[in-house]
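Q: Below are the structure tokens for one structure; questions will follow.
What follows is the structure, encoded as structure tokens:
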């Protein structure tokens, strides 16, 4: 079956780039995610896809809440780095960035963010390596006008890579 | 709760633009979709979100297969129109476009497409107005090099609108 699949095709799919956060009673964490999408308009619901190995996954499963910050195009790689390539199990990613506490208790990353959303999980789908979390949006706020950072821009202009836990990860041949 | 929600925020989320098709024993149909995403890499799986009112929804539920064509940026509005704003229940959308039959039996729209994918549904999630279909990619083919059409480009450059059945539809106030 795999011989029928040209994996280069997956690079034609378009995404934004977001920081998704969650928390439990003791800790908060966040990570870069390319898959935040609106799934219904009435009521407003969003979905996010997270690798089961990620610490943020563990926190969302426990707390059933998450936040998503829409990053601006001018977000520097140095800001993204810790959220994409280091685990929150090993260090506190939120210690060096601005955030507010949302109505869900999730940290809302406001630095380099055009807008923030908070959601309460109503369903989750096990996809093997990843989980789709579907949430009712309970709050959303526009922070500033601007151009959203896209996955395309991250790869082609910023020369960023996909970390191994991304749903779009491709091992170098 | 709605007072906590600024719906303008949903416009900050980034998407591509695709034609998703399916078929049953007698008919084939396709529609424009903004939500095609890769959800896992191993095995390669994609998800698509379709309004329950759409004819393509009915066909995917029956046949458990769908295809997705990644549209190129230069796709003319006249090509998109019938796929986005008319129902396949009323007329044969495929009568005027080039397509091939895929290994799933789905029609593969190749005109204005950078690549095509075919998937077999392994799970579906009821979201009220819409369904998330999750599928194993059984075939994908790159057709040509180019820039994918994004939802952003469609709205800002082509001045396109979201049809009422889109997950991102907003009624004009």
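Residue numbers (the working numbering), protein chains in the order written: chain A, 1 to 173; chain B, 174 to 346.
The beta carbon of each residue, even a glycine, is placed where N, CA and C say it ideally should be.
1. What residue range does the alpha helix (DSSP H) around residue 82/A cover?
2. Let me check understanding here. Comparing Cα to Cα, which of 304/B, 306/B, 326/B and 300/B lies closest to residue 43/A?
3. How close, in whole Å, do the beta carbons of residue 135/A and residue 46/A come, if the pair is a contact with beta carbons under 8 Å?
4. I want to verify the contact list: residues of chain B whose CB lies under 8 Å from the CB of residue 148/A, in sequence order.
5. Out of 263/B, 187/B, 340/B and 319/B, which has the shortest C-alpha to C-alpha gap to residue 244/B?
6. Can you name the residues of chain A whose CB is closer than 7 Å to the CB of residue 287/B?
7. Answer yes or no: do residue 389/B and residue 3/A have a C-beta to C-beta separation smaller than 9 Å?
8. Count the CB pairs spanning the region 73-85 of chain A and the region 49-60 of chain A that are closer than 8 Å, and state whether there are at least three.
9. Whole angstroms is fine: what's the gap from residue 151/A's alpha carbon to residue 212/B's?
10. Is the region 62-70 of chain A touching the region 100-108 of chain A, taking contact as three or more C-beta pairs under 8 Å?
11. Identify, in the order they occur along the chain, each residue of the same chain with its Cβ nearer than 8 Å to the Cβ of residue 98/A, setting aside the five sequence neighbours on each side.
12. Measure from the alpha carbon of residue 246/B to the alpha carbon of each residue in 25/A, 148/A, 158/A and 13/A, then state which is nearest.
13. For the candidate residues 259/B, 193/B, 182/B and 180/B, whose alpha-carbon lies nearest to that of residue 288/B?
14. Quick check on DSSP: helix, strand or coil for residue 312/B?
15. Which two residues bound the contiguous alpha helix (DSSP H) that contains residue 191/B?
A: So, from the listed chains and residues:
1. The count along the first chain starts at 1 and reaches residue 82/A at position 82. Where residue 82/A is concerned, the enclosing alpha helix (DSSP H) stretches over 77-85.
2. Taking the first residue of the first chain as position 1, residue 43/A is located at position 43. Among 304/B, 306/B, 326/B and 300/B, the Cα nearest to that of residue 43/A belongs to 300/B.
3. Position 135 of the first chain, counting from 1, holds the residue named residue 135/A. Position 46 of the first chain, counting from 1, holds the residue named residue 46/A. About 6 Å separates the two Cβ atoms, so the contact holds.
4. To locate residue 148/A, count along the first chain from 1; it is residue 148. Correct list: 185, 186, 187 and 325.
5. The residue labelled residue 244/B in the question sits at position 71 within the second chain. Of 263/B, 187/B, 340/B and 319/B, the residue nearest in Cα terms is 319/B.
6. Along the second chain, read from residue 1 onward, the residue named residue 287/B stands at position 114. The contacting residues are 12.
7. As shown, chain B starts at 174 and ends at 346. That puts residue 389/B outside it, with no answer to give.
8. no
9. As a working mapping, residue 151/A is identified with position 151 in the first chain. As a working mapping, residue 212/B is identified with position 39 in the second chain. Using only the alpha carbons, I get a separation of about 15 Å.
10. yes
11. In the first chain, counting from the first residue as 1, residue 98/A sits at position 98. Excluding residues within five positions, the ones whose Cβ falls inside 8 Å are 109, 110 and 111.
12. Mapped onto the second chain, residue 246/B falls at position 73. Taking only the C-alpha atoms, the option nearest residue 246/B is 13/A.
13. On the second chain, position 115 is the one that residue 288/B refers to. For residue 288/B, the nearest C-alpha among the options comes from 193/B.
14. Locating residue 312/B in the second chain gives position 139, counting from the first residue. Residue 312/B: strand per DSSP, three-state reduction.
15. Start at 1 with the first residue of the second chain, and residue 191/B comes out as number 18. Element bounds for residue 191/B: not the alpha helix (DSSP H) but the beta strand (DSSP E), 191-196.
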